[in-house]
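Engineer:
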Amino acid sequence: MTQPSTHIAIMRLLDAYLDGLHYADSGMLQEVFHSDARYINTVAGDYCNLSVPEYFQLLEERVAPAESGQERQGRVVAIEVGGPCMAFAKVEVAMLGRAYNDFLTLLFDNGKWSIITKVFHYNT
76 MTQPSTHIAI
86 MRLLDAYLDG
96 LHYADSGMLQ
106 EVFHSDARYI
116 NTVAGDYCNL
126 SVPEYFQLLE
136 ERVAPAESGQ
146 ERQGRVVAIE
156 VGGPCMAFAK
166 VEVAMLGRAY
176 NDFLTLLFDN
186 GKWSIITKVF
196 HYNT
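Counting from 76, one number per residue, gives the positions in the sequence shown under this note's numbering.
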């Protein structure tokens with residue numbers, strides 16, 4: 076993949092990620108998360124390190140921001156490509172009364188980019 080097409084593919088992935096969060100839709104997010112991905116909450120007292128199925132179960136129990144009338148609020152702060160199969164994205168998301176900082180490690184595998192780790196912190 077060339078550099079411009081890599082960034083375009085990653086931006087599309089991140090847009091789908093933000094949509095999946097907004098709608099709390101595990102089906103949408105299954106398209107952007109690698110099957111081996113980890114979901115890691117770094118907030119003291121709320122730490123967790125979950126597999127994708129565990130994260131999706133948590134997601135299904137959540138009221139979607141879209142259902143509660145919230146607008147989708149998220150932005151890509153940075154993307155860094157570290158090689159032909161590795162990249163990093165920093166994303167900020169506001170939802171459910173919290174401001175999230177997501178650090179996403181991305182993997183190019185089987186012809187597509189996906190999230191292999193989501194490490195995040197939030198402020199209320």
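Virtual Cβ for every residue (Gly too), placed ideally from N, Cα, C. The model shown is predicted, which means the values in this text are computed figures rather than measured ones.
Under 8 Å by Cβ, that's how I've got Ala153 and Ala169 pegged, so tell me the actual separation to the nearest angstrom.
Structural biologist: Residue numbering aside, residue 153 sits at position 78 when the sequence shown is read from its first letter. Residue numbering aside, residue 169 sits at position 94 when the sequence shown is read from its first letter. Not really, about 17 Å apart at Cβ, beyond 8 Å.
Engineer: Do we get a CB-CB distance below 7 Å when we pair Ala84 with the residues of chain C?
Structural biologist: Protein chains in the displayed structure number just one, and chain C is not present.
Engineer: Among the candidates Val107, Asp90, Leu96, His97, whose CA atom is the shortest distance from the CA of Asn185?
Structural biologist: In the sequence shown, counting from the first residue as 1, residue 185 sits at position 110. Closest option to Asn185, Cα to Cα, is Val107.
Engineer: Assign Thr180 to one of three DSSP states: helix, strand, or coil.
Structural biologist: Here residue 180 is taken as the residue at index 105 of the sequence shown, counted from 1. Residue state, collapsed to three classes: strand.
Engineer: Could you pull the DSSP bridge partners for Ala174 from this structure?
Structural biologist: Position 99 of the sequence shown holds residue 174. Paired residues: Ala169, Asn198.
Engineer: Given a threshold of 16 other Cβ atoms within 10 Å of its Cβ, counted over all protein chains shown, does Ile190 qualify as buried or as exposed?
Structural biologist: To locate residue 190, count along the sequence shown from 1; it is residue 115. Buried.
Engineer: Under 7 Å Cβ to Cβ from Gly95, same chain only, skipping five residues before and after it: list those, please.
Structural biologist: For the purposes of this step, residue 95 is taken as residue 20 along the sequence shown, with counting starting at 1. Answer for Gly95: Met103, Leu104, Val107, listed in chain order.
Engineer: Going by the DSSP bridge assignment, what does Gly158 pair with across the sheet?
Structural biologist: In the sequence shown, the residue the question calls residue 158 occupies position 83. Paired residue(s): Met161.
Engineer: Leaving out the 5 sequence neighbours to the left and right, which residues in its chain are closer than 8 Å to Val118 when beta-carbon positions are compared?
Structural biologist: Residue 118 sits at position 43 when you count from the first residue of the sequence shown. So the qualifying residues of the chain are His196, Tyr197.
Engineer: Buried or exposed for Val138, going by 16 or more other Cβ atoms inside 10 Å?
Structural biologist: Counting from one through the sequence shown, the residue named residue 138 turns up at place 63. Exposed, since its Cβ has fewer than 16 Cβ neighbours within 10 Å.
Engineer: Going along the chain, which residues of its own chain have a beta-carbon closer than 6 Å to the beta-carbon of Ala84, five neighbours each way excluded?
Structural biologist: Here residue 84 is taken as the residue at index 9 of the sequence shown, counted from 1. Same-chain partners within the cutoff: Trp188.
Engineer: Identify which residue in Met161, Ser143, Tyr114, Cys123 has its Cα closest to the Cα of Tyr98.
Structural biologist: As a position in the sequence shown, residue 98 is number 23, starting the count at 1. Tyr98 has its Cα closest to that of Ser143, out of Met161, Ser143, Tyr114, Cys123.
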